[in-house]
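First to last, the sequence lines map onto chains A, B, C, D, E, F, G and H.
The first sequence begins at 1 in the working numbering and counts up one residue at a time.
The second sequence begins at 72 in the working numbering and counts up one residue at a time.
The third sequence begins at 143 in the working numbering and counts up one residue at a time.
The fourth sequence begins at 214 in the working numbering and counts up one residue at a time.
The fifth sequence begins at 285 in the working numbering and counts up one residue at a time.
The sixth sequence begins at 546 in the working numbering and counts up one residue at a time.
The seventh sequence begins at 807 in the working numbering and counts up one residue at a time.
The eighth sequence begins at 1068 in the working numbering and counts up one residue at a time.
Let me begin by presenting the structure, written as structure tokens, before commenting on it.
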Amino acid sequence: MNIRVNGTTREVPDGLTLDRLLAILDQRSEGVAVAVNLEFVPKSAYQHTRLSESDTVEIVAPIAGGLTCGT
Amino acid sequence: MNIRVNGTTREVPDGLTLDRLLAILDQRSEGVAVAVNLEFVPKSAYQHTRLSESDTVEIVAPIAGGLTCGT
Amino acid sequence: MNIRVNGTTREVPDGLTLDRLLAILDQRSEGVAVAVNLEFVPKSAYQHTRLSESDTVEIVAPIAGGLTCGT
Amino acid sequence: MNIRVNGTTREVPDGLTLDRLLAILDQRSEGVAVAVNLEFVPKSAYQHTRLSESDTVEIVAPIAGGLTCGT
Amino acid sequence: MWNLGDQEIDSRLLTGTALFPSPEIMADAIEASGSRVATVALRRQAPGERSGEAFWSLIRELGVHVLPNTAGCKSVKEAVATANMARELFGTRWIKLEVIGDDYTLQPDTTALVEAARVLVADGFEVFPYTTEDLIVAQRLVDAGCRIVMPWGSPIGSGRGLMNPYLLKTLRNRLPDVTLIVDAGIGRPSDAARAMELGYDGVLINSAIALADDPVGMARAFRAAVEAGRLGFEAGAMDPRETATPSTPTLGTPFWHGQDA
Amino acid sequence: MWNLGDQEIDSRLLTGTALFPSPEIMADAIEASGSRVATVALRRQAPGERSGEAFWSLIRELGVHVLPNTAGCKSVKEAVATANMARELFGTRWIKLEVIGDDYTLQPDTTALVEAARVLVADGFEVFPYTTEDLIVAQRLVDAGCRIVMPWGSPIGSGRGLMNPYLLKTLRNRLPDVTLIVDAGIGRPSDAARAMELGYDGVLINSAIALADDPVGMARAFRAAVEAGRLGFEAGAMDPRETATPSTPTLGTPFWHGQDA
Amino acid sequence: MWNLGDQEIDSRLLTGTALFPSPEIMADAIEASGSRVATVALRRQAPGERSGEAFWSLIRELGVHVLPNTAGCKSVKEAVATANMARELFGTRWIKLEVIGDDYTLQPDTTALVEAARVLVADGFEVFPYTTEDLIVAQRLVDAGCRIVMPWGSPIGSGRGLMNPYLLKTLRNRLPDVTLIVDAGIGRPSDAARAMELGYDGVLINSAIALADDPVGMARAFRAAVEAGRLGFEAGAMDPRETATPSTPTLGTPFWHGQDA
Amino acid sequence: MWNLGDQEIDSRLLTGTALFPSPEIMADAIEASGSRVATVALRRQAPGERSGEAFWSLIRELGVHVLPNTAGCKSVKEAVATANMARELFGTRWIKLEVIGDDYTLQPDTTALVEAARVLVADGFEVFPYTTEDLIVAQRLVDAGCRIVMPWGSPIGSGRGLMNPYLLKTLRNRLPDVTLIVDAGIGRPSDAARAMELGYDGVLINSAIALADDPVGMARAFRAAVEAGRLGFEAGAMDPRETATPSTPTLGTPFWHGQDA
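Given below as structure tokens:
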């Protein structure tokens, strides 16, 4: 199935869980936070969160930040 | 029954219609407009608009006006 | 003769010297400075400065001061 | 002798009068005004104004003008 | 001539009708102002009273477009009911929409304003919303169907002029196709001229005219000021510069101290 | 109608003649401005040249009062000689007296200005001194015999408007009987209106008209602005207030939440 | 010491961490500023990248309170998700809530802001909403449970200082018990001092420090300015007066021209 | 440390000693301000009175440099005599030279000022002339031998801050090597910070401290403000911009609506 991760489309196995996605991406779960389809997913739920076709995943990390950023 | 007309409580006959209220108040319907319970009532409906206990009636007329008025 | 001291007219002996004027006024010369007819007179000259009729004497002392003062 | 006319040095005959200078310059006296050595010379005096070595002559005419001009 | 809603009019000055020393002075001042649009309001009719009719007759004689307002309304519901009563009474679908959020600053409640505008536009009104200089709110009003947006200059009746020319200018630049009118706070003719120089389509004045020592003279002053500002906008004013610049050419200045030219 | 020196004129806008795209546009703009007074200057005549005459003819056709200036002068002596040359050439005893003390800011040298004014008044000139907003200097100019004083709004050609309205207002209040004209720095019609609202008798504009995209349109704008400001001054503007004040009376507001009235 | 949310801190200057020439300069500047609160943000993690951790370590070493923001969010949903991610990542329930309504002015969308604030407060966040100077919106934020409100001074990064001191002052006067922090647009130390003199509880600075020629020196400058403004507020500044007043007593002035005293 | 005349001092805040509620508060406030220079004046001694000595002792205990002024003088002659009396009494060749030209605005008479400065410099004084923002006058004072020039911010005691920052900035730019101190009109700490940000070398404050509700607290406020402004000047502030600019980098924003990155 296809999902979008941080704005990029990727093909991944059907029924993939969030912790597996991070593993595939070689991304440790420390130091990042995740939202799926604009909903926050806490770390404790990664294991049980199964992704579906067309899901949108955001994986974010800290950055210097001031006021706002337009896009 | 008791209704409020322009902020003042009045006792009026049960089931009074709006056109009758105006007559009681000696108020011609030309030059005024009316709202009952914060809903506008067009002139054509006065005859058929029956008032109920505790209804709030506003009868308004033109006045000089600028920007806003606080209350 | 008449002279003006700090805006007030006074009668004093003819040919009075400045040091004598201060003595008459019971004014020690320390802590004050003097001008006669809009000219500064240094302390060392008090003894030899002889006043004349209508002379204007200013005797001033320190005061708190900020910017200016209108009069 | 040498004089300066409007900022330019010129050799002219000794004892030249102002009206002769204008003639040499092919300049009618209408529409201009003249100053010699920073002093205004009225038209009526051109004939009798004799120039000397190093004199500075300004011959000016109308121009559009607003506020000031720096130089 | 310009278009205000569906009307073609020849003055960019809109006037209020309140606070004048007398109805006669009001009428004379509006006439002197050249204004073609006058705001009016509603109030509770006391039994037997007739002053509303007299006022309404006076306004009709002036031959101006009437712009009723929803003065004093504090909720969507009040504003919508008032707009409808005004439409029936004054026979116009124009409505100056005010939803006030604070009794002291008389500041618009912009959230309720947008909602009321949506309801009234759907019901066929030409809505003139009184708002702040907030660009997002203005955009929402346009999205709600408003062709006209009226930001304040400063709080109503304060006479402080244009508090925030920078944001007013931003509003103008970002909404080039919307009719923008400065609606409150203008105190002096120069304030009105300034608003027009920013490219605003019009200004609405009440207190500054009505409370002047000579309201009729002040009406004339604002008429000229609005014209001046508009002409200035159209003629393309020079920009302020950091340094002084002579307006008389320097070449050929007499007494130029200098080298041979 | 008002009195400027010994002349009775009907416009409070004085215009400069420099920096226009063409002589024709200058003439059209002055006409459109309604101005009755135009400033002119002198420059060194190049041998055989005739453009000065053409310019002078054009000005004469406009039928305005000519106000020659001593542009570029930096000393009393230069200014006095220039004034005398101007009197002969233009046939007027009016002189706009400029003695510049700094090439960058084109700021008046007020000490030299007062001295030159004294000389010229004694010699029969009607002196229009270009000065700063300095009250003491203005008083000295009056003492020297000037009936007219012309403080700057901001540096010449900067278009920054009125830099220091507080001191300009002080000047007006303290010299009620002197003819006061703002002479430089005005950039927009609203600046001119503001100067007039402060009670100034007139404004002199050059760059702001001549350098506009459309000088003739801008001339019209300033004409209206000067009129607006003067009318506003005469009609007695309201003062700014700290708080908002409704212009629609609150008594009888519909939907008044409240106790029985 | 003062209370910001549930924390007692000793500096009224909040700093941003973006736009510095280097992380080291950022750290030095924050230390020099005396600030106890630093804003941070989130960004998409590129696979394998680790810079986020380095940044986060650096911030932790500074020992400041971390204030994550929802920078770049344009909807309630985005802002809420971002706030939750930030809470997990940074281990704080503080959130600087930004919901931007316009890409050019980076202006807050106040309607969405209030809605997002309501959701987040209910979910246990201490919400620091970035808003305009709109009093009604501020009141709604308070009603939504915000103890802190952060109006802009002027658009983010513009360095224009306080665009609208009049409304900022009104906000302060009307919401005396709310923690008010000026959050954007401050360009110079004097702007920060001015905000504090108005009685604001703090200021948040980023660009003005980070983009200075010497960020560490500028951090010191803002530290002193915030202190100056606060001390000035507490000491009760004199009001501006219309006229000059001598500060040296006039009685007994030497050379007094006068009658016998 | 910086050089004021021939002295090296460590504070850029100069204070006046007048108008304080009591001598003790004055002494505490000056100490709190960190100021190393205090202005003093002269007055006619009443026969037998001794308060002058008490005041003078108090000032000496503070260990500050004393800067006597010629307060109230209206002519060159008065100012020169007063300066000489002050030199003898206070044992310093420093003199703050004031020659007032108008009783209402307390404005300097700049012509007399330059003349008095010339006399006093020739007589060995270090002259601190109180003047306006007039560049030409400032240049003349420098030509007369002044190393220090003190333009007003606004009229004495008015607390209006910097009336004309544009000309004050011009003065700074044009006289880079002269010690420039803003001498009157400062009302709030932010005004002092602003003056310092313009590159002024110092500010002199009296009324704003002495008339505050808490003079000692306000003295601290001004101390911090002067430091803030100086640090800001040295650190090179960013310039105001026309548009908003994000301070959080936009690349990698979560929820970026968009195409594949």
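Built from N, CA and C at the ideal position, the CB exists for glycine as well.
Just so we're clear, the structure is a prediction, and the values are computed from it rather than from any experiment.
- Within chain G, the residues placing a beta-carbon under 7 Å from that of Pro-42/A are Glu-894, ordered along the chain.
- Using a Cβ-Cβ cut-off of 8 Å, Glu-58/A counts as an interface residue toward chain H, since at least one Cβ of chain H sits closer than that to its own.
- For the region 647 to 669 of chain F, the set of residues with a beta-carbon nearer than 8 Å to any beta-carbon of chain H comprises Asp-647, Tyr-649, Thr-650, Gln-652, Pro-653, Asp-654, Thr-655, Thr-656, Val-659, in chain order.
- Secondary structure of Glu-382/E (DSSP, three-state): coil.
- The C-beta of Asp-1019/G has fewer than 16 other C-beta atoms within 10 Å across all chains shown, which makes the residue exposed.
- For Leu-776/F, the closest C-alpha among the options Ala-509/E, Gly-513/E, Asp-418/E is that of Ala-509/E.
- Annotated three-state conformation of Met-214/D is coil, per DSSP.
- At least one CB of chain A lies nearer than 8 Å to the CB of Phe-861/G.
- Residues of the region 12 to 25 of chain A whose Cβ lies closer than 9 Å to any Cβ of chain H: none.
- Per DSSP, the beta bridge partners of Leu-464/E are Val-433/E.
- The C-beta of Gly-690/F comes no closer than 8 Å to any C-beta of chain D.
- Identification of chain G residues near Arg-444/E by a Cβ-Cβ cut-off of 9 Å yields Tyr-972, ordered along the chain.
- Per DSSP, Phe-40/A is one residue of the beta strand (DSSP E) stretching across 39 to 41.
- A distance of 8 Å or more separates the beta carbons of Ala-1286/H and Arg-1255/H.
- Taking a C-beta distance under 8 Å as the contact criterion, Val-846/G and Ile-865/G qualify as a contact pair.
- Within the same chain, and ignoring the five residues on either side of Glu-1264/H in sequence, the residues whose Cβ sits closer than 6 Å to its Cβ are Gly-1296, Gly-1299, Phe-1300.
- Of the residues assessed, Ser-257/D falls on the exposed side of the cut-off, its CB having fewer than 16 other CB atoms within 10 angstroms.
- For Ala-1260/H, the enclosing alpha helix (DSSP H) covers residues 1256 to 1264.
- Three or more Cβ pairs closer than 8 Å define a contact, and the region 264 to 274 of chain D falls short of that threshold against the region 291 to 299 of chain E.
- Its chain contains Met-143, Asn-144, Ile-145, Leu-163, Ile-166, Leu-193 as the residues whose beta carbon lies nearer than 8 Å to that of Val-154/C, once the 5 sequence neighbours on both sides are disregarded; these appear in chain order.
- Within the model, the alpha-carbon separation for Leu-1017/G versus Gly-878/G is close to 21 Å.
- Beta-bridge partners assigned by DSSP to His-261/D: none are found.
- Interface residue (Cβ-Cβ distance to chain C less than 8 Å): Phe-826/G is not classified as such.
- Against chain F, the beta carbon of Glu-252/D has neighbours under 7 Å at Ala-626, listed in chain order.
- In the DSSP assignment, Tyr-414/E falls within the beta strand (DSSP E) that extends over 410 to 415.
- Here Ala-206/C is bridged, per DSSP, to Val-1107/H.
- The CB of Thr-938/G comes closer than 7 Å to the CB of Asp-418 in chain E, given here in chain order.
- Counting every other CB atom within 10 Å of its CB across the protein chains shown gives Thr-150/C a total below 16, marking it as exposed.
- Across the region 589 to 620 of chain F, CB contacts with chain D closer than 7 Å involve Arg-589, Gln-590, Pro-592, Gly-593, Gly-597, Glu-598, Phe-600, Trp-601, Asn-614, Ala-616, Gly-617, in sequence order along the chain.
- Against chain D, the CB of Pro-538/E has a partner CB under 8 Å away; the residue lies at that interface.
- Taking 8 Å as the cut-off, the Cβ atoms of Pro-1135/H and Ala-1153/H count as close.
- Rounded to the nearest whole angstrom, the CA to CA distance from Lys-714/F to Leu-665/F is 28 Å.
- At least one CB atom of chain E sits nearer than 8 Å to the CB of Met-969/G.
- Remark: three or more beta-carbon pairs, one from each stretch, lie closer than 8 Å, so the region 927 to 941 of chain G and the region 952 to 965 of chain G are flagged as touching.
- Residue burial annotation: Asn-809/G is exposed, with fewer than 16 other C-beta atoms found within 10 angstroms of its C-beta.
- The shortest C-alpha to C-alpha distance from His-1132/H to any of Glu-1075/H, Met-1230/H, Gly-1191/H, Thr-1177/H is the one to Glu-1075/H.
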